[in-house]
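The structure under discussion appears below in the form of structure tokens.
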Amino acid sequence: MNSNSKETNLWKKFLEMNGSGVLIALISFIILVSIISPHITGGKYLTWTNIIQVFRQQTYIGIIACGMTFVIISGNIDLSVGSQLTLLTVLCANFSHYGNLAAIFGTLTLGLVLGFFNGLFVSGLKLNPFIVTLGTGSIFGALAMILTSGFTKRADSTLFNYIGTGSVLGFIPMPVLIMLCVVLIFAFILKRTVFGQRIYAIGANPKAARYSGIRSRAFVAITYILSGFCCALAAITLIARSTSANPAVAGGKEMDVILSVVLGGTSILGGKGSIWGTVIGFLFIGFMSNGFTFLNFNQYMQWVVMGIILVIALAIDVYKQKGRV
Amino acid sequence: MNSNSKETNLWKKFLEMNGSGVLIALISFIILVSIISPHITGGKYLTWTNIIQVFRQQTYIGIIACGMTFVIISGNIDLSVGSQLTLLTVLCANFSHYGNLAAIFGTLTLGLVLGFFNGLFVSGLKLNPFIVTLGTGSIFGALAMILTSGFTKRADSTLFNYIGTGSVLGFIPMPVLIMLCVVLIFAFILKRTVFGQRIYAIGANPKAARYSGIRSRAFVAITYILSGFCCALAAITLIARSTSANPAVAGGKEMDVILSVVLGGTSILGGKGSIWGTVIGFLFIGFMSNGFTFLNFNQYMQWVVMGIILVIALAIDVYKQKGRV
Amino acid sequence: DSSKKNTAADSGPEKEKAYTIGYCTMGYSIAPWVLFLGDNLKAECEKRGWKFNMLSAEGDSELQAEQIQTMISKKPDLILIFAGDASLCVDWVKDIDAAGIHSVLVGMDVKEEGRKYATAFVGPDQEQMTYNVASEIIKEYGPDAGLTIAQIGGVPQQYDYIVRVKGFNEACKNTNYTLIEPEWAHSNRADAQGKMENLLATYGDKIDILMGYDDDLTLGAVAAIEEAGLTGKIKVYSITGMVEALHAIEEGRMVMTVQNSTAEIARVCGNVMDKILSGESVEYNNPSELFYITKENVADYKGEF
Amino acid sequence: MPEKKQPLVELKGITKSFPGVKALSDVSFDIYPGEVHALCGENGAGKSTLIKVMTGAHKPDSGKIFIDGNEIVINSTQQAMESGIACIYQELSIAPQLDVAKNVFLGNMFVNKAGFLDLKKLYRETDDILCNYIGLKVSPKKPAGELSVGQQQMVEIGRALTRRARVIIMDEPTSSLSESEADTLFKLIKMLKDDNAAIVYISHKLDEVMNLADRITVIRDGRNIITMDTKDTTQDELISHMIGRTLENLYQKVPAKQGEKVLEVKQLSKADVFQNVSFSVNKGEILGFFGLVGAGRSEIMRAIFGVDKYDAGEILINGKKLSPGNPACAIEAGLGFCTEDRKLEGLMLRLSVLQNMTLVKLPAISKAGVVNRKKQSSLVNQYVENISIKTPSVHQLTGNLSGGNQQKVVLAKWLMMNPDVLIVDEPTRGIDVGSKSEIYGLLGELSRNGVAIIVVSSEIEEIMGICDRVITVCEGEVTAEMDIEGLDCEAVLSAALGRKHRHNAEIVNNTKTGNKA
Ligand SMILES: Nc1ncnc2c1ncn2[C@@H]1O[C@H](COP(=O)(O)OP(=O)(O)OP(=O)(O)O)[C@@H](O)[C@H]1O
Ligand SMILES: Nc1ncnc2c1ncn2[C@@H]1O[C@H](COP(=O)(O)OP(=O)(O)OP(=O)(O)O)[C@@H](O)[C@H]1O
Ligand SMILES: [Mg+2]
Ligand SMILES: [Mg+2]
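Chains as they are written, first to last, in my numbering: chain A, 8 to 332; chain B, 8 to 332; chain C, 4 to 308; chain D, 9 to 525.
Structure below.
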């Protein structure tokens, strides 16, 4: 219908994309840091090692954020992921003493179980997801503390070492590879499968979804189970990396996860969002905190600058939409 | 239309009330604790002193929760209240050295200013309230740190002593009185003024509100300003009580506040809720933590039990609604 | 074993080399004590003309693990660690060792198995500190006094609080004391006051001793005790050594606080670093002095904050 | 006569674009006091956009607005309201959690001397408006979300009345109303006109337009086509201006072969809503359900499809019992249900046309759970073509389509499902005449392919034009069941008003007149 050239079209498409405002802010930030940082700390920001390092640091947040994206798109929330991660790392460390398989399958299974509980409460009993996952989070966190009495558990396994420190093709660390797989698979599920499409429908209008014959309750329960699964996977990569589990490891991480998802343009009200946006979201957080180190910002400065950048990123998102009208 | 007796009608009304499920859970908990606690710790739970004590402990959460109720009913969220409270207690402590009036009016004014910033971003620039208030929270928190360099600041004022420890009629502590005033005034504003009604309308259907000529943006901004004002008031009662402020004082308190509001039956999606519900919500949290002391539960047990009670309270809420159908 | 690391000895003729010291701390702005520790360490370094690079994990040990890696990649001459977790720290010192860099632990020792990778430890251990306070109490009242002890801490998941509680409870093991479950006030003095109120409502004057795991919070509890008219009846012990706490001791509202002076730690640490960087060998354990402040000696001390 | 006076509102050269769509280009429009000026055009012609420019809901890209001859810039709906412009928008804007009274006076609350809400007055005035003006019999304290669509529309009419505006814009106010409610509205319009108010009236029900309007403006593809006096024109001429061609016959019924019973409903009851509803439909048959607003037709269909529960009765599809309360099962059994409230129950406004349309069809066009995107888009494109959905692309968000086009998307979703039984509730609500005939054509084609179709409609012509049989419902009870052939409208209407007929078409035909309630 319109006769614009292909380039402006692509640019338009990019602007319409979820989270592109945040991406613009992120890229500007990266460019800025790589110009300034040599003068301040002498650090070279834009090196392959550093970039890969940011990816690796964000591995576990990233994996959980993928699961959370499903939960949020379906119009719900999972505030228990921090505690789930904590409990699962602790369990994984315990299991690791019985061998690799026990550790990996045990953790994944229990992740599914934790997710199942959340799903049961939210979609089976129809309880308010905000409060219920706060409640289950409280329980999971307590279990982790009880299991460890607050102390760090050491894991014991050689496979873990490989997952934690091995790399593929010599330059992609295993945890990053795992994260990329999760990203690709989840993006595929979300965009290309009946399940994914229906998750959107449920989040966009639960009533209309029901009237279209979608078994919303089952689907919502599945998103929570996926979220639990992602926490388990994240727990494994985390244990593999630090070979120990600390019961305070993930307190408050749910906010990082939710921030990643929402920054990526996923609507907290459901029905809108994408895995790609989420990727931008968690990379944004990762590159920020990494960049601040290169600028030798103190913590206060970091907080202030982070706050300002968040506001700017959002403003870009809004402005770019206005620009289109 | 129905010919039930007056009593069952009242009961029905009670059940329909926001947060009545939580109230039932709370009352059951209180009864249970007062029966059990003498056998465990010998403590007498249901005394006037203890009840008033819980009210006093929840003063600052309660005041902020009243402001938050407005924000949430209008369909938004304010994640910066924890940091606002921190910053304002710090500022209040600073101001106190210039006299009572300076402290009180300075703090309240700055509370309005902080709220205004949130309002400006959320409703003026139309930025995502979740992320923006996370961002401003980050900035406010950093400012508190910068102002104190991390130290506890002592307040200096005699009036504060009166606000903090004085009592009216000999048995209602000043902070509780202040909170009760806020509750009454806010409940009145919400239910009986044009402003309150418009807040509901905006939250229930922003488009309809706009089409009806409601200046949504101005009203939303006002809810944030009110939220800032409440934080200031809370800061004053907090300082009055502990005569000192440290920059970690209220980290994470936003979750307590939001939990209070949502527990009280206010919909996180907006358009529905009440101050009374919120009162039930923050009393619930207060009586829980107080009751746990009487039972000599350790922290982990507290978390587990808290989680279970939350789930039960919600289940009661849902069940009671099913009962009606 | 420290000879293999790049110290001044390898760097040749430059005598007045500006060393770069990396400092990885579990927190800087989250509490005054860590802040002072950071500032005092910085002052020690800058006094010597060295560069001081700090990374703070603000209470997040996973983040601290990442920051250790970041710090290693910047190749400082020496890395100071105030660890958020003694167990996780094992891996960190291992990695630092593998990178050929010296590591010095400050204020929190690494777990047994990590000590062979670290160069030195400076300061008293957090666990030791509260153990000592409990020992003082036992010395004062005897192990059969049948005391009822209430406890107030900060953040229940935070490692330093956990070990403080552990140290105290450990020391009380062989007594007939009743330890009430600790209450947690999350850095909020008003909350601490509330928690103490709850304890008093429950146990009344059955409580003989209050052990506070941070002066800032202890002072909130002291306010509650005052309000209940139990000042002097309930003996208050605490750690940190805040100025306000010293006043409280003077006025008899508290019995004792332990000052774990950051200036003292930094001073000892400075000496240790001097030795390491000039290639000398050092002891692994470098204790810094703890000050037990009571009414008798309170006039001799000044709080840091 | 209006011509001599100054126009109350005048729009000149209004242009407005949305991404990918030029909704209005150089459109002019004026309205005089005491006249009804109708605005006609196909779905997506730009009618709603034009009036939203007038009410300040949209900002025009260019063009001028004059009120009382003075040029003004309207920046907000508030400002338009202060200038005396009120509007009943096409998409219902009800705050569902608030009660009826608060919805009627939304943004326009009463305060007492002290400046606080005057709730007594609020409920008193609402009662007054509901009873005396719009004839809506519901409690002012009922949450508006619990009203039927028609009732909500009446609430909106009430809201516009409370404004005491000089210009009242009505964008398809009767789309969910049946004749008697609409008549109430027409009386209201006359009254307002006598008060010298100006009315802008948009409707796809052209006989309404011909009866009410003093002047008619036609727009097509966002351009002015013509403005004419109603008395100088005919409905056919109007149609040809609207769609650019003539339309021979809206209802072209090609009889389909009827087969065996597919759906049978036995003694279905739900307390206070409907009682003892029994009927059946055959393969290839089109069965009409007629009644007044709130008669309970929608409720019956919702119970059958399983979105609502019922108390007693039985539903059989192809002889098999359908488990109650589960729409997913109903769909699996071969039942489709196009709901009447497109916004709340039919559409995901934040999802694309493509996603909305294929939601039900997804399992059929996927393999191992993976959607075949080629099939998906070709299917969607086919329907976009067939019922001429006006959209810049199939990826457009449905929320950005015009009202009528949204309705077509919902219809397409169910048409492409290929059900055994298809229930359509007010299927042509807000759809223009041209598209109506296309949709009737499609429904006819489906029935010829053996689908049994139930059409719930408040438009008697629609029922008479496309159905084989009609069932009338009044206050939750079936009052008559009649064959369409040889039937006249009066019989259906009187049955719908509750004058009981025996469930037998022959008797109905014999007792056409003289029935008493
Ligand atoms: N918010 C929007 N964003 C994008 N396009 C829009 C938006 N609103 C309207 N349009 C487009 O503008 C055109 C005109 O729409 P409008 O709603 O004015 O039509 P209409 O004449 O009222 O049709 P209908 O009879 O179906 O209500 C349509 O093509 C529609 O898709
Ligand atoms: N969600 C609801 N909750 C409560 N009552 C409802 C609800 N929806 C409809 N009703 C009531 O049920 C009655 C029947 O409404 P229904 O929608 O079935 O009527 P209808 O014949 O289809 O009329 P309409 O043309 O208005 O849809 C109405 O009086 C309405 O008030
Ligand atoms: Mg329209
Ligand atoms: Mg209907």
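Using N, Cα and C, we set each Cβ at its ideal position, and we do this for glycine too.
Closer than 8 angstroms to the CB of Gly157 (chain B) there is at least one CB belonging to chain C.
For Ala257 (chain B), the closest Cβ of chain C is nearer than 8 angstroms.
Cβ atoms of Gln60 (chain B) and Glu230 (chain C) stay farther apart than 8 angstroms, at about 10 angstroms. Leu32 (chain D) carries a strand assignment under DSSP once its states are collapsed to helix, strand and coil. The DSSP-derived three-state label of Ile232 (chain A) is helix.
Contact residues of the segment 189-201 of chain C toward chain B are His189, Ser190, Asn191, Arg192, Ala193, Asp194, Ala195, Gln196, Gly197, Lys198, Glu200 and Asn201 (C-beta to C-beta distance below 9 angstroms). Straight-line measurement puts the Cα of Asp428 (chain D) at about 48 angstroms from the Cα of Leu134 (chain B). If only complete runs of 4 or more residues are kept, the segment 226-302 of chain D shows the alpha helix (DSSP H) at 243-251, in order along the chain.
Residues Gly21, Ile22, Thr23, Gly71, Arg231 and Asn232 of the same chain have their beta carbon placed closer than 8 angstroms to that of Asp34 (chain D), with the five preceding and five following residues left out of the count. Proximity to Gly277 (chain B) across B:Ile79, B:Ile111, B:Leu321 and B:Ala151 peaks at B:Ile79, based on C-alpha coordinates. Runs of the alpha helix (DSSP H) spanning 4 or more residues and lying entirely within the segment 103-168 of chain B occur at 107-126 and 136-155, in chain order. For Gly28 (chain A), the enclosing alpha helix (DSSP H) starts and ends at Ser27 to Ile47. Assignment of Val264 (chain A) by DSSP, reduced to helix, strand and coil, places it in the helix class. Exclusion of the five residues before and after Asn303 (chain A) leaves Ile47 and Thr48 as the residues of its chain whose Cβ lies within less than 7 angstroms of its Cβ. Around Ile221 (chain A), the beta-carbon contacts reaching into chain D at under 8 angstroms are Ala336 and Leu367.
A direct Cα-Cα distance of roughly 52 angstroms separates Leu245 (chain A) from Trp18 (chain B). Assigned with DSSP and collapsed to three states, Phe124 (chain C) falls in strand. Ligand 1 approaches Leu409 (chain D) closely enough that one of its heavy atoms is under 7 angstroms from the residue's Cβ. Secondary structure at Asn219 (chain D): helix, using DSSP grouped into helix, strand and coil.
Of the other Cβ atoms in all chains shown, 16 or more fall within 10 Å of the Cβ of Ile70 (chain A); this residue is therefore buried. Per DSSP, His212 (chain D) has no beta bridge partner at all.
Burial state of Lys291 (chain D) is buried, judged by a 10 Å Cβ sphere holding 16 or more other Cβ atoms. Taking 8 angstroms as the cut-off, the beta carbon of Pro335 (chain D) is found closer than this to the beta carbon of Arg217 (chain A). DSSP places Tyr295 (chain C) in the strand class (E or B) of the three-state scheme. According to DSSP, Leu430 (chain D) shares a beta bridge with D:Gly344 and D:Ile461.
Between Ile395 (chain D) and Glu446 (chain D), the beta carbon gap of about 5 angstroms places them in contact (Cβ cut-off 8 angstroms). Here the distance from the Cβ of Pro136 (chain B) to the nearest heavy atom of ligand 1 is not below 7 angstroms. With a threshold of 8 angstroms between beta carbons, Val318 (chain A) makes contact with chain B. Not a single C-beta of chain B is nearer than 8 angstroms to the C-beta of Trp283 (chain A). Taking the beta carbon of Leu91 (chain C) as reference, the chain A residues within 8 angstroms of it are Thr159, Ser249, Ser251 and Asn253, listed in sequence order.
For Phe291 (chain B) and Ile82 (chain C), the gap between their C-alpha atoms comes out near 48 angstroms. Chain order gives the chain D residues near Lys279 (chain B) as Gln105, where near means a beta carbon separation below 8 angstroms. Residues of the segment 65-94 of chain D whose Cβ lies closer than 7 angstroms to any Cβ of chain B, in chain order: Ala65, Thr85, Gln86 and Met89. Setting aside the 5 residues that flank it on each side, Gly407 (chain D) is surrounded in the same chain by Leu357, each with a C-beta closer than 6 angstroms to its C-beta; the list follows chain order. Look at Lys369 (chain D) here: in three-state DSSP terms it is coil, with no helix or strand label. Membership of Asn253 (chain B) in any beta strand (DSSP E) is not indicated, and neither H nor E is assigned to it by DSSP.
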